[in-house]
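> Here you go, one structure.
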Amino acid sequence: MKAIHIIAIIAIAFVAGMFGGAFSERVFANPKVDEKIPEQVTAHAFHLVDENNQRRASMGFSRDGHPLLCVNDQDGKPRGYLGSSKDGPLLALVDKAGESNIILKANDDGSSIMALMKDANHARLMIKYKLGSGPALGLYDDDNLVKAFMLVKQGNPSINLLQGNQKPAISLLSDPQKGAMLAAWNSQGQHRLSLGLMHDKPILFAYNPDDTGLLFNTQRDGRPALGLLSEGSVVWSASGVAPQMPAMDGILDQILR
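Be aware that the sequence shown starts at 4, since it is given in the working numbering, and climbs by one per residue.
Here's what the structure looks like:
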């Protein structure tokens with residue numbers, strides 16, 4: 004279902020609920036037989052008020068000239084907006100303090116966004132779709148920094164956890180044609196661990212900053228190979244044959260490219 008259809012359904016359900024019941028019977032009661040019904044009403048704005056003359060809903064234009072529907076709570080504070088902007092239609096739900104809690108937007112370029120907000124400037128969760136790229140889900144901390152995101156790009160899914168400096172910490176990558184990989188980075192943002200399947204064969208890379216470590220894979224002839232590294236070179240092999248595999252960064256490149 005397209006985002007614009009979702010917005011329409013939300014708007015219809017919201018308006019139906021707001022004007023339902025006894026209030027609907029009073030306001031939308033059938034006109035009298037001899038009452039003339041105007042064929043057209045033209046105005047720049049409409050305002051609905053309750054029995055205390057408190058504004059509860061308004062339809063008009065925003066400051067930049069776009070049509071807007073606003074609904075207010077019993078204290079007259081705006082709690083929801085449905086309208087359009089220069090980029091496309093949007094729906095915003097607002098808390099009592101006037102801060103946006105939920106934003107749903109469909110852009111004219113085919114992209115769409117749904118955000119759960121801490122306030123107007125701090126997102127906590129964002130779902131985004133970009134035409135030609137794919138969907139993405141981002142989780143943010145109190146400082147509005149992305150801490151985790153999941154995306155599907157060109158049909159390939161990935162899950163990523165980030166460190167405080169916005170460098171990667173853990174990534175889970177998959178390519179149906181190449182394999183799947185769990186990768187980890189150290190605090191300096193250096194890729195030091197890979198565990199997964201490459202062309203249906205298991206592999207394990209574990210590097211220290213000084214290029215010592217361990218590597219394991221399955222050789223072309225089907226035999227498993229385990230080796231220890233020192234300064235980037237194999238110094239010991241369980242099978243007597245050094246494991247054949249690309250450099251550490253090359254493993255991820257084969258999955259990502």
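Yeah, the Cβ is synthetic: ideal placement off N, Cα and C, and Gly gets one too.
1. Give me the DSSP bridge partner(s) of Thr221.
2. Using DSSP with H/G/I as helix, E/B as strand and the rest coil, what is Pro179?
3. Roughly how many angstroms lie between the CA atoms of Leu176 and Ala228, to the nearest whole one?
4. Which of the three DSSP states, helix, strand or coil, is assigned to Leu207?
5. For Gln180 and Gln157, I'd like the C-alpha separation in whole angstroms.
6. Could you compute how far the alpha carbon of Pro171 sits from the alpha carbon of Gly113?
7. Shortest alpha-carbon distance to Asp224 belongs to which of Ser240, Asp213, Lys204 and Ser233?
8. Measuring straight from C-alpha to C-alpha, what distance separates Val238 and Leu164?
9. Who are Ser161's beta bridge partners in DSSP?
10. By the 10 Å Cβ neighbour count, where 16 or more other Cβ atoms means buried, how is Pro70 classified, buried or exposed?
11. By how many angstroms is the C-alpha of Ala118 removed from the C-alpha of Val44?
12. Could you give the C-beta distance for Val74 and Gly83, rounded to a whole number, given that I count them as a contact under 8 Å?
13. Given this structure, state the Cα-to-Cα distance separating Arg29 from Met62, to the nearest angstrom.
14. What are the partner residues of Gly216, as DSSP defines its beta bridges?
15. Beta strand (DSSP E) containing Val74: first to last residue?
16. Please list, in chain order, all residues of the same chain as Pro160 whose beta carbon is under 7 Å from its beta carbon, the five residues on each side excluded.
17. Just to confirm the assignment: which complete beta strand (DSSP E) runs, minimum length 3, are found wholly within the region 34-108?
18. Residues in the same chain with beta-carbon distance under 6 Å from Val18, minus the five sequence neighbours each way, listed in chain order, please.
Taking the coordinates as given:
1. Looking at the DSSP output, Thr221 bridges to Pro227.
2. Pro179 carries a coil assignment under DSSP once its states are collapsed to helix, strand and coil.
3. So the two alpha carbons sit approximately 24 Å from each other.
4. In the three-state reduction of the DSSP assignment, Leu207 falls in the strand class, which pools E and B.
5. Approximately 13 Å, taken between the alpha carbons.
6. So the two alpha carbons sit approximately 29 Å from each other.
7. Nearest of Ser240, Asp213, Lys204 and Ser233 to Asp224, Cα basis: Lys204.
8. Near 33 Å, if we compare the C-alpha coordinates of Leu164 and Val238.
9. For Ser161, which the question treats as bridged, DSSP gives the partners Leu154 and Leu176.
10. Under this definition Pro70 is an exposed residue.
11. In this structure, the alpha-carbon of Val44 lies about 36 Å from that of Ala118.
12. Gly83 and Val74 do touch by the CB rule: their CB atoms are close to 5 Å apart, below 8 Å.
13. Residue placement at Arg29 is flagged as unreliable, the pLDDT there being 44, under the threshold of 50; a coordinate-derived value is accordingly withheld.
14. According to DSSP, which records beta bridges pairwise, Gly216 is partnered with Tyr210 and Leu232.
15. Unbroken beta strand (DSSP E) run through Val74: Pro70 to Asn75.
16. So the list reads Ser177, once near-sequence residues are dropped.
17. Here the runs fully enclosed are 49-52, 58-64, 70-75, 81-87 and 92-97.
18. Per-residue confidence for Val18 stands at a pLDDT of 41, beneath the threshold of 50, marking its modelled position as unreliable; the derived number appears in the next sentence. If we look at Val18 and ignore the five residues flanking it on each side, it has no Cβ neighbours.
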